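**Q** Residue numbers (this note's numbering), protein chains in the order written: chain R, 1 to 295; chain G, 1001 to 1295.
Pasting a structure here, questions to come.
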């Protein structure tokens, strides 16, 4: 460890894909002195011990959080309230309480009132992941070249925020600070709506009576397989995302449905020009993604 | 070339991603004695000469087709009628006329009446591809481990069909014979609808006034990027697919919209159980895709 670590004791609540990747990345880059993890699942705790990716594993989140200068919630959004209620008495003044959830406004409303005075609530979201779940699925390079978005309150402590930014930068992420509402609107279109649509079509395909599931799987290379990858993501995590970002998802879904109806009408009436024009415009966005190295 | 080639003179009409991949695969595996290609674009013809992937390049498709024992249409579906009208007088009795288009029933209705007596019309569809277009995008391994579907008429010539099956098997594909109507229904869900939805959402994202295109691109790693890949496919090719498989696409789209509306309602009313149940079921389909090695 060339420089002093950013945190003395990092507490990870939840050690699934993201939590275990954070543990690996933090250790690899020497970002923290000690990592203590808590997980509600005995099976996950056992596996984390076997993998040797943290220094201590606890079943009680309050015990893990005690004395930590950074506590990071890496569990589905719906669990936050109970966890913070349990760990609040153990949180030290000056500690950072952050998370990795895919919706950010709800963090303030759900747990804001439970956070003890002197503890810095700084919500975060690394825009990275795979369709796999659990501690075995994580890897240290998950965040390299990806964006880590922080949505601090307007009056956030500058020094605490600087430390959290340094931590995420240390994992290889590019850090962006934005307003929680703006985050939720942006992610509704770039992540939440794509997941909802992928989940929908994969479910639709599974229920057809005139094409079998075996046929759907067999010929999935024509486009469907990419949707199945997305629709293989953690069901509880995604349930909570849709419930917690309801307004933004419903708004984006409304726009999507309007556009889809327009294209449906073009197909029904044989309006090739409308289709070709639309399909030509979308190519430019793809080029942008490739050029931004997010492909 | 260890064994005798399957075709003496393979004529490829259109040398884009698929046509150029077929040329490369056929030559690599020694499936044909000679490859003659035609393309309407002078730029493509020039590039095909530079790449050296075929033996002859013609601007006139009839000249390319003359004397061929297999003529393969590798252009968008909407071009078939004019091309076959032009090459019909040059087709030899006993020759195979086939294609690689993503819709199959329309091939019979569009060009069936133009095919000279004694020429075997055997439509085909390799379920393989990438989002890239043009002769530089092709590669010999594109068909390895993928399905090639043939949709011959009920009274197809057995010997001709056997040759075409051997050709596709020689490219590394697994060959499946099915009815054209069944093909079009199956591909409507595994390929056409996924493309339509991906095109739609990428277009929706591009037109938002409250989230910029730059933001959409920046945070695309959360799921959106997979849709941009699909929505980067050839616009003319896909316009024709939707127009030519209208009925099946509209049917699948209707089912998708019903399911999406159900999930939208669950989000609006906070029905987490419906969401979680749906998202859990879709995981099984993903496992099927992975196990079938189509991931």
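Glycine included, C-beta positions come from ideal geometry on N, C-alpha and C.
Just so we're clear, the structure is a prediction, and the values are computed from it rather than from any experiment.
What span of residues does the alpha helix (DSSP H) with residue 242 (chain R) cover, start to end?
**A** The count along the first chain starts at 1 and reaches residue 242 (chain R) at position 242. Note, residue 242 (chain R): alpha helix (DSSP H), 235-244.
**Q** Less than 7 angstroms between C-beta atoms, sequence neighbours within five positions excluded: which residues of the same chain meet that for residue 1198 (chain G)?
**A** For the purposes of this step, residue 1198 (chain G) is taken as the residue at position 198 of the second chain. These residues qualify, in order along the chain: 1227, 1230, 1231.
**Q** The alpha helix (DSSP H) with residue 184 (chain R) in it runs from where to where?
**A** Walking along the first chain from the start, residue 184 (chain R) turns up at place 184. 180-187 is the extent of the alpha helix (DSSP H) around residue 184 (chain R).
**Q** Which residues in the same chain as residue 106 (chain R) place their Cβ atom closer than 6 angstroms to its Cβ, once the five residues preceding and following it in sequence are excluded?
**A** On the first chain, residue 106 (chain R) is found 106 positions in, with the first residue counted as 1. Excluding positions up to five away in sequence, the list reads 244.
**Q** Verify the CB distance criterion: does residue 1235 (chain G) have a CB-CB separation below 8 angstroms to chain R?
**A** To locate residue 1235 (chain G), count along the second chain from 1; it is residue 235. Closer than 8 angstroms to some Cβ of chain R, the Cβ of residue 1235 (chain G) qualifies, so yes.
**Q** Residue 101 (chain R) to residue 66 (chain R), Cα distance in whole Å?
**A** To locate residue 101 (chain R), count along the first chain from 1; it is residue 101. To locate residue 66 (chain R), count along the first chain from 1; it is residue 66. For residue 101 (chain R) and residue 66 (chain R), the distance between alpha carbons rounds to 22 angstroms.
**Q** Taking all protein chains shown into account, do 16 or more other C-beta atoms lie within 10 angstroms of the C-beta of residue 1104 (chain G), making it buried, or fewer, making it exposed?
**A** Counting from 1 along the second chain, the entry for residue 1104 (chain G) is found at position 104. Buried is the call here.
**Q** Shorter than 8 angstroms from the beta carbon of residue 1 (chain R) to some beta carbon of chain G?
**A** For the purposes of this step, residue 1 (chain R) is taken as residue 1 along the first chain, with counting starting at 1. Its pLDDT being 46, under 50, residue 1 (chain R) is placed unreliably by the model, and nothing is read from it.
**Q** Taking Cβ-Cβ distances below 8 angstroms as the criterion, which residues of the region 1136-1149 of chain G are in contact with chain R?
**A** 1146, 1147, 1149
**Q** Here's the rule I'm using: 16 or more other beta-carbon atoms within 10 Å means buried, otherwise exposed. How should residue 1059 (chain G) be labelled?
**A** As a first step, residue 1059 (chain G) must be located in the second chain, where it is residue number 59. Residue 1059 (chain G) comes out exposed.
**Q** Which residues in chain R sit within 7 angstroms of residue 1227 (chain G), going by Cβ to Cβ distance?
**A** Within the second chain, numbered from 1, the residue matching residue 1227 (chain G) stands at position 227. What residue 1227 (chain G) touches in chain R: 194.
**Q** In angstroms with no decimal places, state the Cα-to-Cα distance between residue 1150 (chain G) and residue 241 (chain R).
**A** As a working mapping, residue 1150 (chain G) is identified with position 150 in the second chain. As a working mapping, residue 241 (chain R) is identified with position 241 in the first chain. Using only the alpha carbons, I get a separation of about 43 angstroms.
**Q** Show which residues of chain R have a CB atom less than 8 angstroms away from the CB atom of residue 1083 (chain G).
**A** Mapped onto the second chain, residue 1083 (chain G) falls at position 83. Within 8 angstroms Cβ-Cβ: nothing; residue 1083 (chain G) doesn't reach chain R, min ~18 angstroms.
**Q** Whole angstroms are fine: how far does the CA of residue 1024 (chain G) sit from the CA of residue 1001 (chain G)?
**A** Along the second chain, one-based indexing puts residue 1001 (chain G) at 1. Along the second chain, one-based indexing puts residue 1024 (chain G) at 24. Note that residue 1001 (chain G) has pLDDT 46, beneath the 50 cutoff, so the model's placement of it is unreliable and no number is given.
**Q** Kindly give me the distance between the Cβ atoms of residue 189 (chain R) and residue 1217 (chain G), rounded to whole angstroms, as I take these residues to be in contact under 8 angstroms.
**A** Sequence index remark: in the first chain, residue 189 (chain R) carries index 189 (1-based). Sequence index remark: in the second chain, residue 1217 (chain G) carries index 217 (1-based). Rounded, the Cβ-Cβ distance is 11 angstroms, inconsistent with contact.
**Q** Between residue 235 (chain R) and residue 1280 (chain G), what straight-line distance do the alpha-carbon atoms span, to the nearest angstrom?
**A** Position 235 of the first chain, counting from 1, holds the residue named residue 235 (chain R). Position 280 of the second chain, counting from 1, holds the residue named residue 1280 (chain G). Going from the Cα of residue 235 (chain R) to the Cα of residue 1280 (chain G) covers about 6 angstroms.
**Q** At the 8 angstroms Cβ level, is residue 168 (chain R) part of the contact set with chain G, yes or no?
**A** Indexing the first chain from 1 puts residue 168 (chain R) at position 168. Closer than 8 angstroms: no.
**Q** Please list the residues of the region 1250-1265 of chain G that have a C-beta atom closer than 7 angstroms to any C-beta atom in chain R, keeping them in chain order.
**A** 1250, 1253, 1255, 1256, 1259, 1260, 1263, 1264
**Q** Name, please, each residue of chain G whose Cβ falls closer than 7 angstroms to the Cβ of residue 37 (chain R).
**A** One-based indexing of the first chain puts residue 37 (chain R) at position 37. Near residue 37 (chain R) there are no residues of chain G at all, since even the closest Cβ is about 25 angstroms away, more than 7 angstroms.
**Q** Would DSSP call residue 83 (chain R) helix, strand or coil?
**A** Residue mapping note: residue 83 (chain R) aligns to position 83 of the first chain, counting from 1. If DSSP states are grouped into helix, strand and coil, residue 83 (chain R) belongs with the helices.
**Q** Give me the Cα-Cα distance between residue 1173 (chain G) and residue 1128 (chain G), rounded to the nearest whole angstrom.
**A** For the purposes of this step, residue 1173 (chain G) is identified with residue 173 of the second chain, where counting begins at 1. For the purposes of this step, residue 1128 (chain G) is identified with residue 128 of the second chain, where counting begins at 1. Cα to Cα, the separation comes out at about 9 angstroms.
**Q** What does residue 1107 (chain G) touch in chain R if you count any residue whose Cβ is under 8 angstroms from its own?
**A** What you label residue 1107 (chain G) is simply residue 107 of the second chain in a count that begins at 1. Here the premise fails: no neighbours, minimum Cβ distance about 17 angstroms.
**Q** Using beta-carbon positions only, say whether residue 1233 (chain G) and residue 1141 (chain G) come within less than 8 angstroms of one another.
**A** The residue labelled residue 1233 (chain G) in the question sits at position 233 within the second chain. The residue labelled residue 1141 (chain G) in the question sits at position 141 within the second chain. Result no, Cβ atoms of residue 1233 (chain G) and residue 1141 (chain G) do not sit closer than 8 angstroms.
**Q** Taking only beta-carbon positions, decide if residue 121 (chain R) is within less than 8 angstroms of chain G.
**A** Taking the first chain and counting its residues from 1, one reaches residue 121 (chain R) at position 121. It does not: the Cβ of residue 121 (chain R) has no partner Cβ on chain G nearer than 8 angstroms.
**Q** Name the residue from R:204, R:68, R:185 whose alpha carbon lies nearest to the alpha carbon of residue 1193 (chain G).
**A** Walking along the second chain from the start, residue 1193 (chain G) turns up at place 193. The shortest Cα separation from residue 1193 (chain G) among R:204, R:68, R:185 belongs to R:204.
**Q** Could you tell me which residues DSSP puts in a beta bridge with residue 1099 (chain G)?
**A** Position 99 of the second chain, counting from 1, holds the residue named residue 1099 (chain G). DSSP, once it has assigned bridges, lists G:1073 as partnering residue 1099 (chain G).
**Q** Whole angstroms is fine: what's the gap from residue 78 (chain R)'s alpha carbon to residue 159 (chain R)'s?
**A** Here residue 78 (chain R) corresponds to residue number 78 of the first chain, with the count starting at 1. Here residue 159 (chain R) corresponds to residue number 159 of the first chain, with the count starting at 1. Looking at the two C-alpha atoms, the distance is approximately 29 angstroms.
**Q** Go through the region 1134-1187 of chain G residue by residue and report every complete run of the beta strand (DSSP E) that reaches 3 residues or more, in order.
**A** 1147-1150, 1174-1177
**Q** Return yes when the Cβ of residue 139 (chain R) is within less than 8 angstroms of the Cβ of residue 31 (chain R), no when it is not.
**A** Here residue 31 (chain R) refers to the residue found at position 31 of the first chain. Here residue 139 (chain R) refers to the residue found at position 139 of the first chain. No, Cβ-Cβ distance for residue 31 (chain R) and residue 139 (chain R) is not below 8 angstroms.
**Q** Is it buried or exposed for residue 94 (chain R), if we count other Cβ within 10 angstroms and need 16 for buried?
**A** Taking the first chain and counting its residues from 1, the one referred to as residue 94 (chain R) is at position 94. Per the 10 Å Cβ criterion, exposed.
**Q** Does residue 1001 (chain G) come out as helix, strand or coil in the three-state DSSP assignment?
**A** On the second chain, residue 1001 (chain G) is found 1 positions in, with the first residue counted as 1. Unreliable placement is indicated for residue 1001 (chain G), whose pLDDT of 46 sits below 50; the coordinate value is still reported in the next sentence. Looking at residue 1001 (chain G) - three-state DSSP - the assignment turns out to be coil, as it is neither helix nor strand.
**Q** Using the Cα positions of residue 265 (chain R) and residue 121 (chain R), report the straight-line distance between them to the nearest angstrom.
**A** Position 265 of the first chain holds residue 265 (chain R). Position 121 of the first chain holds residue 121 (chain R). About 48 angstroms.
**Q** Just list the residues that DSSP pairs residue 1296 (chain G) with in beta bridges.
**A** Look at the range of chain G in this structure, 1001 to 1295, and you will see that residue 1296 (chain G) is not part of it.
**Q** Suppose you measure from the CA of residue 169 (chain R) to the CA of residue 184 (chain R); what does that come to, to the nearest Å?
**A** In the first chain, residue 169 (chain R) corresponds to position 169, counting from 1. In the first chain, residue 184 (chain R) corresponds to position 184, counting from 1. Their Cα atoms are separated by approximately 22 angstroms.
**Q** Check for me: the beta strand (DSSP E) holding residue 1013 (chain G) runs from which residue to which?
**A** For this step, residue 1013 (chain G) is matched to residue 13 along the second chain. Start and end: 1007-1013.
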